[in-house]
Every structure is written in structure tokens, then in C-alpha cells.
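Let me begin by presenting the structure, written as C-alpha cells, before commenting on it.
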Amino acid sequence: MRIHREGTLIIEIRKAEKADVPAILDLVRGKAEFDGCLNSLQSTEVDIEEAFFSEQPKAFALLAMKSGEAVGIATYYSIYSTFIAKPGIWLDDLFVYPQFRGSGVGEALLSELCILAQNTGCGRIDWIVATDNDRGRSFYERSGARIFEEVRRARLDECAINALAEKAHNKAMHPTSG
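According to my numbering, the sequence shown is numbered sequentially starting from 1.
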């Protein structure tokens with residue numbers, strides 16, 4: 001836990017705990033709404049609890065707290081770069097409620113994530129930012145991040161994963177002779 005002061009605003013940054021599941025989901029919902037994809041949000045409190053607080057968590061979260069209320073979140077998980085031969089962090093969500101934007105909350109969350117990366121030997125932190133999120137892009141650049149314009153995001157959704165896996169399975173079961 002670390003305390004950040006920005007003017008009169010005092011923000012506590014801490015690792016999320018199981019009791020924070022409802023607040024985590026509310027913040028994720030806020031991020032989905034900000035991104036314009038609220039209708040595709042599928043996460044439930046059960047999903048959040050399993051992902052973040054199981055015996056082997058798939059993801060982690062830092063919360064920005066003001067007077068005991070969660071006002072921002074950074075969700076992340078471990079990655080590895082074969083190029084730099086070091087672990088890294090994938091920042092999945094960085095979200096601050098609108099009324100707290102511009103007050104140092106995002107910077108406090110990102111700074112705490114950098115301390116975590118530094119303490120665990122990470123060589124980088126990666127994430128995406130929407131091309132139309134000018135305020136976010138500006139914030140990240142001010143923080144020292146490099147925005148890669150030449151990289152495009154790719155995704156196989158669950159349906160595509162299943163189709164490609166089935167195709168591979170069928171090829172393995174019925175190889176063509178040649």
C-alpha cells in the first residue's frame with residue numbers, strides 16, 4: 001500500500017482483496033462503458049473472484065482508494081518477452097472514474113505498477129490505447145510510454161479458437177497421405 005498526495009487529494013493505492021470484487025466489477029463496467037462496449041461485457045462477480053482470487057490467479061488488480069471508496073483500477077497479468085528475455089506486465093485495464101480524472105489517480109496507479117514491475121525484474125509494461133482516446137494517449141506519452149502506430153491488434157475470439165482447434169484436431173485424426 002502506498003499513499004499518493006496530489007494537492008488536497010489523498011489516494012491510497014493497494015492490491016485488491018477478495019472483498020473488493022463488487023468494486024472491481026463496477027470499475028470494469030465503467031471501463032467498458034467508457035470504451036463503448038458495455039453490451040459485450042460478460043464478467044460477473046463470480047468470474048472476477050475466480051480470476052483474481054483463486055489459488056492460481058490469472059490476473060491481479062491495484063485499486064485507487066479515496067476515503068475507503070475505489071475510484072480507479074489497474075488490472076494486469078504477467079507476460080514474457082523472448083526478445084528482451086525478461087518477464088513483463090500486460091496492463092489490461094487502467095480506469096479512473098470521470099470525476100477523479102486529471103487529479104493524479106491514473107498516474108498513481110501507473111506508478112505503482114512500475115514499482116511492482118521494477119521489484120519483479122520486469123523489462124516492460126505493455127497495453128493498448130484506443131486510437132480515438134486522445135486524452136489517454138497524451139497521458140501515456142507524458143508518463144514516458146511510446147505509442148506504436150505501426151502495430152495492429154489481432155484477436156481470436158472463443159468461436160475462432162474452437163474452429164481452429166477443431167480443424168487442427170481433425171487434421172491430426174485424418175492426415176492426408178501424400
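We put the beta carbon where it would ideally sit given N, CA and C, even for glycine.
Mapping the DSSP letters down to three states, classify residue i as helix, strand or coil.
i: residue 98; result: helix
i: residue 81; result: strand
i: residue 88; result: strand
i: residue 31; result: helix
i: residue 48; result: helix
i: residue 110; result: helix
i: residue 147; result: coil
i: residue 9; result: strand
The ligand MG and residue i: does the residue's C-beta get closer than 8 angstroms to at least one heavy atom of that ligand?
i: residue 19; result: As presented, the structure is devoid of all ligands, the ligand MG included, so that no description of it is given.
Let's test the definition: count the other Cβ atoms within 10 Å of the Cβ of residue i and tell me whether it reaches 16, buried, or not, exposed.
i: residue 93; result: buried
i: residue 179; result: What is shown of the chain runs 1 to 178, which leaves residue 179 out entirely.
i: residue 161; result: exposed
i: residue 179; result: Not covered by the structure: residue 179. The range shown for the chain is 1 to 178.
i: residue 173; result: exposed
i: residue 122; result: buried
DSSP beta-bridge partners for residue i?
i: residue 62; result: 15 and 74
i: residue 25; result: Its beta-bridge partners do not exist; DSSP assigns none.
i: residue 93; result: 75
i: residue 69; result: 66
Grab the span of the alpha helix (DSSP H) containing residue i for me, first residue to last.
i: residue 125; result: Per DSSP, residue 125 belongs to no alpha helix (DSSP H); it is in the beta strand (DSSP E), 124 to 126.
i: residue 160; result: 158 to 173
i: residue 137; result: 134 to 142
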